[in-house]
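Chemist: Protein chains in written order, with our numbering: chain P, 1 to 289; chain W, 290 to 575. Note that the Cβ used here is the ideal one computed from N, Cα and C, for glycine as well. Just passing along the structure, written as structure tokens.
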Amino acid sequence: MMTENERAARRKKIAHALMWVLLLVLFICFIFPFLMVIINVFKDKSDITRDPLSLIGAAKGFILTNFPEAMKKMNFWTVFGNSLIVTVCATVLTIVVSSMTAFVIVRNGKWKFCTLMFSLMIASMVIPFQVLMVPLVSVYGGTLGVLNHRITLILMHVGFSVSMAMFMFHGAIKTNIPLELEEAATIDGCSRWQTFWKVVFPLLKPTVATVAIINAMAYWNDYLLPSLVLTKKDLYTIPIATQAFYGTYSTDIGLVMAALLLAMLPILILYVFLQRYIVQGVTAGAVKG
Amino acid sequence: MKQNTLSYKIRQYLMFAGPGTVLFLAVVIVPFLYGLYLTLTSWDGVSATKPFVGFENFAAAFQDSAYWEAMGRTVIYSVFAVVLINIVAFALAYLVTQGIKGQNFFRAGFFVPNLIGGIVLGYVWKFVFNRAFVALFSGTSLLSTTNGAMFCLILVSVWQYAGYMMLIYVAGFMSVSGEVREAAMIDGCTSGQAMMHVTIPLMRSSFVQCIFLSITRCFVVYDVNLSLTKGEPFGSSVMAAMHVYNQAFTYKNYGLGQAEALILFVVCAIVGVTQVMLGKKGEVEA
Numbered sequence: 001m002m003t004e005n006e007r008a009a010r011r012k013k014i015a016h017a018l019m020w021v022l023l024l025v026l027f028i029c030f031i032f033p034f035l036m037v038i039i040n041v042f043k044d045k046s047d048i049t050r051d052p053l054s055l056i057g058a059a060k061g062f063i064l065t066n067f068p069e070a071m072k073k074m075n076f077w078t079v080f081g082n083s084l085i086v087t088v089c090a091t092v093l094t095i096v097v098s099s100m101t102a103f104v105i106v107r108n109g110k111w112k113f114c115t116l117m118f119s120l121m122i123a124s125m126v127i128p129f130q131v132l133m134v135p136l137v138s139v140y141g142g143t144l145g146v147l148n149h150r151i152t153l154i155l156m157h158v159g160f161s162v163s164m165a166m167f168m169f170h171g172a173i174k175t176n177i178p179l180e181l182e183e184a185a186t187i188d189g190c191s192r193w194q195t196f197w198k199v200v201f202p203l204l205k206p207t208v209a210t211v212a213i214i215n216a217m218a219y220w221n222d223y224l225l226p227s228l229v230l231t232k233k234d235l236y237t238i239p240i241a242t243q244a245f246y247g248t249y250s251t252d253i254g255l256v257m258a259a260l261l262l263a264m265l266p267i268l269i270l271y272v273f274l275q276r277y278i279v280q281g282v283t284a285g286a287v288k289g
Numbered sequence: 290m291k292q293n294t295l296s297y298k299i300r301q302y303l304m305f306a307g308p309g310t311v312l313f314l315a316v317v318i319v320p321f322l323y324g325l326y327l328t329l330t331s332w333d334g335v336s337a338t339k340p341f342v343g344f345e346n347f348a349a350a351f352q353d354s355a356y357w358e359a360m361g362r363t364v365i366y367s368v369f370a371v372v373l374i375n376i377v378a379f380a381l382a383y384l385v386t387q388g389i390k391g392q393n394f395f396r397a398g399f400f401v402p403n404l405i406g407g408i409v410l411g412y413v414w415k416f417v418f419n420r421a422f423v424a425l426f427s428g429t430s431l432l433s434t435t436n437g438a439m440f441c442l443i444l445v446s447v448w449q450y451a452g453y454m455m456l457i458y459v460a461g462f463m464s465v466s467g468e469v470r471e472a473a474m475i476d477g478c479t480s481g482q483a484m485m486h487v488t489i490p491l492m493r494s495s496f497v498q499c500i501f502l503s504i505t506r507c508f509v510v511y512d513v514n515l516s517l518t519k520g521e522p523f524g525s526s527v528m529a530a531m532h533v534y535n536q537a538f539t540y541k542n543y544g545l546g547q548a549e550a551l552i553l554f555v556v557c558a559i560v561g562v563t564q565v566m567l568g569k570k571g572e573v574e575a
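Given below as structure tokens:
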């Protein structure tokens, strides 16, 4: 005879096993497109056309030649470097600029001008990029002629994310940094500048991580803004280069597979190591934002 | 105390918030205002003069049948995508919060599509639809039919965003304490009833947020649209954002394109704000 408890425990176990199987099936569905890329990247285009589902090409077998060729045609290292420079610079600048902005706005909460700036930034978060792209191109491309520089793209990225990042820092400073701490620093002889960088900023680390992860991912993957700002081939970032590559070599499907895998690899490798932080950061960002 | 004088405040502001404010004004506020002005001109993007035409662009936008078709398509796409994204995300969140072995691995796995940009994802799926599925089900590609292309776009969007929304729902599940649920079960609820009448109402803010995020993203979908279908076949999968892009940059009707973008923004904002207000109204606390 089983007791009520034992029966309940057994039911739970069976339910868990079923859910595990369900999760596994869903997981395979989710990664199916990636699996398709991985098995086809090692096949010749004639083999891919014949049977995209086979593990190894029937005629030419297992080949590695798609990689070096795609790398060369896509100009992979240059493009990768461009993406890296833009992402790193824009992320660092976003953190510096928006944490300072948030600091002043929180600490001058009663000043009308600060509340106005704050409201303006929050309200602007609902404006989709589509509304800004035409005037942006006409002002910076036509009137000022500063397109086709990495620095333009970097500063634009920062300008677009400053409100969201400021909002997150605003919350963190308001709830986590006691005013007494800053007063103590001032009494000890710190200027406002030193107080911020030596006392306040180090305490904002969790928010810095969140802002960094969310924005770095957005910058790395952004297509529309970079494609409007950077039209010179040697400035292309990975998404633009992928788009251009597909336009030129779409029939050479083996090369396309290699290019797609190359475009995904850097961030997937990073994800393997930083997975916990990325998931945490994205959750924190999503729930606060 | 010098700290309260206006000039001190201004100097402090400029020192700390100067760069942020300047960048923000330069890329968001100035273009936004300039964009409003552009809608009143018939600029072609090249010529030095921007002829003033008043509200003609808005009149033209309201008569642009291709635009309204794209808008209608976007609404249909968004409705299906938003509903499915949230159902799938909620189900996934439920499954990965049951204490099953390896649930963190699954969570991480379902999130993977969000790491990769829409352009790359679109081309990966294009291959899957055009080659793998054709070989698997031996038919024609879904992407070559009108309804099929729409279906593909919805499917890819659901796949892309479900993992992200799942994380928000997971946070929601975690915030509902087990005790409240247990209390309901002791009072005689079945676990299904506890879910319907206790857990879901308490997670209302997660729903509001996920639905808002998915609506605002779906309404301006562009990257996946460009790489997966490119508006094909026969322009039957051109979404509103792509139509706006083409209107401005391909056909060089900058003023008209900007007016259409503005209408898109207003529609999107109205839908988003209405949804949040409706959602907030019935919020409950434990």
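1. Taking CB distances under 9 Å as the criterion, tell me whether Asp286/P reaches chain W.
2. So which residues on chain P does Gly398/W lean against when the C-beta distance must stay under 7 Å?
3. Any beta carbon of chain W sitting closer than 9 Å to that of Ala309/P?
4. What in chain W is Cβ-close to Ile267/P, meaning under 8 Å?
5. Which runs of the alpha helix (DSSP H) spanning at least 4 residues fall entirely within the segment 56-131 of chain P, listed in chain order?
6. Interface residues of chain W around Phe273/P at Cβ under 8 Å?
7. Alpha carbon to alpha carbon, what distance is there between Val199/P and Gly109/P?
8. Using the C-alpha atoms, what's the distance from Asp476/W back to Ser466/W?
9. So, using beta-carbon positions, are Phe462/W and Met485/W closer together than 9 Å?
10. I think Leu230/P touches Asn148/P, with their Cβ atoms under 8 Å apart; what is that distance to the nearest whole Å?
11. Thinking Met36/P and Gln387/W are a contact (beta carbons under 8 Å), I'd like their distance in whole angstroms, please.
12. So that I know if they touch, is there some Cβ in chain P lying closer than 9 Å to that of Gln301/W?
13. Are there 16 or more other CB atoms within 10 angstroms of the CB of Gly428/W, so buried, or fewer, so exposed?
14. Specify whether the segment 510-520 of chain W and the segment 403-410 of chain W touch according to this definition: at least 3 beta carbon pairs, one from each stretch, less than 8 Å apart.
15. So is Tyr540/W buried or exposed if we call it buried at 16+ other beta carbons inside 10 Å?
16. Check the Cβ-Cβ distances between Phe67/P and every residue of chain W, and say whether any is below 9 Å.
17. Which residue marks the beginning of the alpha helix (DSSP H) containing Glu521/W, and which one marks its end?
18. Cβ of Trp332/W less than 9 Å from any chain P Cβ?
19. Would you please verify whether the beta carbon of Tyr121/P is less than 9 Å from any beta carbon of chain W?
20. Would you mind working out which of Gln498/W, Arg420/W, Trp448/W and Val372/W sits nearest Leu303/P, comparing C-alpha positions?
21. Quick one, which of Gly544/W, Thr363/W and Lys570/W has its alpha-carbon nearest Ala348/W's?
22. Taking C-beta to C-beta, are Thr374/W and Tyr450/W nearer than 9 Å?
23. Please identify, using Cβ separations under 7 Å, the residues of the segment 419-432 of chain W that lie next to chain P, in order along the chain.
24. Which residue comes first and which comes last in the alpha helix (DSSP H) that contains Cys29/P?
25. Name the one or two DSSP bridge partners that Thr330/W has.
26. Decide if the segment 430-437 of chain W is in contact with the segment 517-537 of chain W; the criterion is three or more beta carbon pairs, one per stretch, under 8 Å apart.
27. Using alpha carbons as the reference points, say which of Gly561/W, Ala530/W and Ser503/W lies closest to Ala286/P.
28. Beta-carbon within less than 7 Å of Phe395/W's beta-carbon, same chain only, minus the 5 sequence neighbours each way: which residues are those?
29. Where in the segment 189-256 of chain P do unbroken runs of the alpha helix (DSSP H), each at least 4 residues long, occur, reported from the N-terminal end onward?
30. If the criterion is Cβ atoms closer than 9 Å, does the pair Ala259/P and Tyr249/P meet it?
31. Does chain W have any CB closer than 9 Å to the CB of Asn215/P?
32. Taking CB distances under 9 Å as the criterion, tell me whether Leu327/W reaches chain P.
33. Considering only the alpha carbon of each residue, which of Ile56/P, Phe30/P and Met156/P lies closest to Gly398/W?
34. If you follow the alpha helix (DSSP H) that Ile559/W is part of, which residue opens it and which one closes it?
35. Taking Cβ positions, are Val146/P and Tyr140/P nearer each other than 9 Å?
36. For a quick check, are the C-beta atoms of Cys499/W and Ile443/W less than 9 Å apart?
Modeler: Answer, in terms of the structure:
1. Sequence check: residue 286/P is Ala here, not Asp. It does; some Cβ of chain W falls within 9 Å.
2. Simply Phe27, Phe30 and Ile31.
3. Look at the range of chain P in this structure, 1 to 289, and you will see that residue 309/P is not part of it.
4. The contacting residues are Leu404 and Ile405.
5. Secondary structure remark: continuous alpha helix (DSSP H) runs of at least 4 residues inside the segment 56-131 of chain P, in chain order: 66-74, 76-107 and 112-124.
6. Chain W residues near Phe273/P: none, gap ~12 Å exceeds 8 Å.
7. Answer to the nearest angstrom: the Cα atoms are 20 Å apart.
8. Rounded to the nearest angstrom, the two C-alpha atoms are 16 Å apart.
9. No, they are not a contact pair.
10. That pair is a contact at about 6 Å.
11. With 8 Å as the limit, Met36/P and Gln387/W do not qualify as a contact, their Cβ atoms being about 30 Å apart.
12. With respect to chain P, the C-beta atom of Gln301/W has a partner C-beta closer than 9 Å.
13. So Gly428/W ends up on the exposed side.
14. By the Cβ test, the segment 510-520 of chain W is in contact with the segment 403-410 of chain W, since at least three Cβ pairs between them sit closer than 8 Å.
15. By the neighbour-count criterion, in which a residue is buried when 16 or more other Cβ atoms sit within 10 angstroms of its Cβ, Tyr540/W is exposed.
16. No, Phe67/P lies away from the interface with chain W (no Cβ there is under 9 Å from its Cβ).
17. No alpha helix (DSSP H) contains Glu521/W, which DSSP labels as neither H nor E.
18. For Trp332/W, at least one C-beta of chain P is nearer than 9 Å to its own C-beta.
19. It should be noted that the sequence gives Met, not Tyr, for residue 121/P. Yes, Met121/P counts as interfacial toward chain W.
20. With chain P covering 1 to 289 only, the question about residue 303/P has no answer from this structure.
21. Looking at the Cα atoms, Gly544/W is the closest of the given residues.
22. The residue you asked about is not Thr; residue 374/W is Ile in the sequence shown. Result yes, Cβ atoms of Ile374/W and Tyr450/W sit closer than 9 Å.
23. Here the close residues are Arg420, Ala421, Ala424 and Leu425.
24. Looking at the DSSP string, the run of the alpha helix (DSSP H) that includes Cys29/P is Glu4 to Asn40.
25. Looking at the DSSP assignment, Thr330/W forms a beta bridge with Phe341/W.
26. The segment 430-437 of chain W is in contact with the segment 517-537 of chain W.
27. Ranked by Cα distance from Ala286/P, the first of Gly561/W, Ala530/W and Ser503/W is Ser503/W.
28. These residues qualify, in order along the chain: Val385.
29. Within the segment 189-256 of chain P, the complete alpha helix (DSSP H) runs of at least 4 residues are 205-221, 224-229 and 238-249.
30. For Ala259/P and Tyr249/P, yes; Cβs fall inside 9 Å.
31. It does not: the Cβ of Asn215/P has no partner Cβ on chain W nearer than 9 Å.
32. By the rule that beta-carbons nearer than 9 Å mark a contact, Leu327/W touches chain P.
33. When only C-alpha atoms are compared, the closest one is Phe30/P.
34. Tyr543 to Lys570 is the extent of the alpha helix (DSSP H) around Ile559/W.
35. Cβ atoms of Val146/P and Tyr140/P: closer than 9 Å.
36. Result no, Cβ atoms of Cys499/W and Ile443/W do not sit closer than 9 Å.
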